[in-house]
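Report on one structure; see the data block that follows.
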Amino acid sequence: MTAGAGHGCVSFLGRREDSGLSDFPGIRCQHQLRRGRGRGPRPRPKTPSFPHRAKAGHGEAGMKIALVGYGKMGQSVEQVASERGHEVVARIDPALDSEVSPQALGDADVAIEFSVPAAAIQNIRALAEAGVDAVIGTTGWHADLGHAATAVEDAGTGLIYAPNFSLGVYLFLRLAQDAGRMANLLEEYDVHVWESHHRHKIDHPSGTAVQLADLLVNRLSHKSRWSEAPPGAAPDPRVLYVASHRAGEVAGTHVVGLEGPDDRIELRHEARNRSSFARGAVTAAEWIKGRSGVYTLDDMLAQRFAS
């Protein structure tokens, strides 16, 4: 897999004029640029309308949340949501013989979706048609981002997505970006990415590893693209290699390695459990409620850092 393959967005690593932040890693999509995203709540279109989905503002306690995907991640989200004063009104999962529909969603304000790549775009469309704002934590579906944006735009709902909702990972991405910028001045250091997750994770490399690889290639003039580590092939010095590992119940580890002739530098983020992802997803749900358009975690945090 080469850089950006199968993804509907390009890495945005330049200056953010709208946020006052410089060089924050994120993903900017053309449909989002047209909509002028990141400027706060916008009025919903008059049609279609969802009178039973009245919006009362952003970030307030007491939201009604639907969980789409009720595995270990969904259960962790439920615990965090309850601790923050929200009510889970729907749990939708094939294992529970349920699927996304207006009836299953009930009176949910926001849905938090952690399912599988093959189901994500169908879930996004169904949530938009039901008038429910969405937080999408599933990875591996971004080739369909344009279709998702159309569904959300037509419905006038809001959607925020990220390859990783951990705020610690967001900081890690920025540190990695700075490391890439400095490593560009020292070509004797060969940069690579390694990630490890639990054996149930289907996609590889992880969405976070893809984001890391994109931002590093953008910073390293001697790397023309990234690729998954080749089995048995001679390495190409112009390629940044990404290796993946799946075993046990590892919550998630990402490493940026800089291999020099005499030493090794390693930048590492290791999730101890799923709570950091769950907290970030619930925070995103509080933020997306009542907004229209498609956003990334970068949009939410850019506004937070700018305030």
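Here my numbering is used: the first residue of the sequence shown is 441, the next is one more, and so on.
Glycine is no exception: its CB is placed at the ideal position from the N, C-alpha and C atoms.
Computed from a predicted structure; not experimentally measured.
For the alpha helix (DSSP H) holding residue 716, just list the boundary residues, first then last.
-> 715–728
Determine the burial state of residue 460: buried for a count of at least 16 other Cβ atoms within 10 Å of its Cβ, exposed for fewer.
-> In this prediction, residue 460 has a pLDDT of 32, which is less than 50 and means its spatial position is unreliable; what the coordinates show is noted afterwards. That one is exposed.
Indicate the three-state DSSP secondary structure (helix, strand or coil) for residue 694 in the structure shown.
-> strand
Collapsed DSSP secondary structure at residue 654 in the structure displayed | helix
Does the Cβ of residue 745 have 16 or more other Cβ atoms within 10 Å, making it buried, or fewer, making it exposed?
-> exposed
Taking residue 520 as part of the alpha helix (DSSP H), name the residues at either end of that continuous run.
-> 512–523
If you draw a straight line from the alpha carbon of residue 549 to that of residue 674, how long is it in whole angstroms?
-> 52 angstroms
Does DSSP put residue 587 in a helix, in a strand, or in coil?
-> helix
When the cut-off is 9 angstroms and only beta carbons count, does residue 602 lie next to chain B?
-> The structure shown has no chain B; it contains just one protein chain.
Please specify which runs of the beta strand (DSSP E), each continuous and at least 3 residues long, are wholly inside the region 522–604, giving them in chain order.
-> 527–532, 550–553, 573–576 and 598–601
Give the straight-line distance between the Cα atoms of residue 505 and residue 721, rounded to the nearest whole angstrom.
-> 11 angstroms
Tell me whether residue 660 sits in a helix, a strand or coil according to DSSP, three-state version.
-> coil
Separation of residue 626 from residue 656, as counted between CA atoms | 14 angstroms
Where does residue 506 sit, in a helix, a strand or coil, going by DSSP?
-> strand
Extent of the continuous beta strand (DSSP E) to which residue 680 belongs | 679–686
Compute the Euclidean distance between the alpha carbons of residue 508 and residue 684, then round it to the nearest angstrom.
-> 27 angstroms
Burial state of residue 583 (16 or more Cβ within 10 Å) | exposed
Nearest to residue 553 by alpha carbon, out of 546, 573, 542 and 543?
-> 573
Mapping DSSP to helix, strand and coil, what is residue 700?
-> coil
Return the CA-CA distance between residue 696 and residue 648, expressed in angstroms with no decimal places.
-> 12 angstroms
Buried versus exposed call for residue 564 [16 or more other C-beta atoms within 10 Å across all chains shown] = buried
Starting from residue 614, trace the alpha helix (DSSP H) both ways and give me its first and last residue.
-> 607–623
Determine, using beta carbons only, whether residue 691 and residue 719 come nearer to each other than 9 angstroms.
-> no
Residue span of the alpha helix (DSSP H) that contains residue 676, given as start and end | Taken as a continuous stretch (DSSP letters only), residue 676 belongs to no alpha helix (DSSP H), as it is neither H nor E.
Do residue 679 and residue 664 have their C-beta atoms closer together than 9 angstroms?
-> yes
Anyone know if the C-beta pair for residue 638 and residue 689 falls short of 9 angstroms?
-> yes
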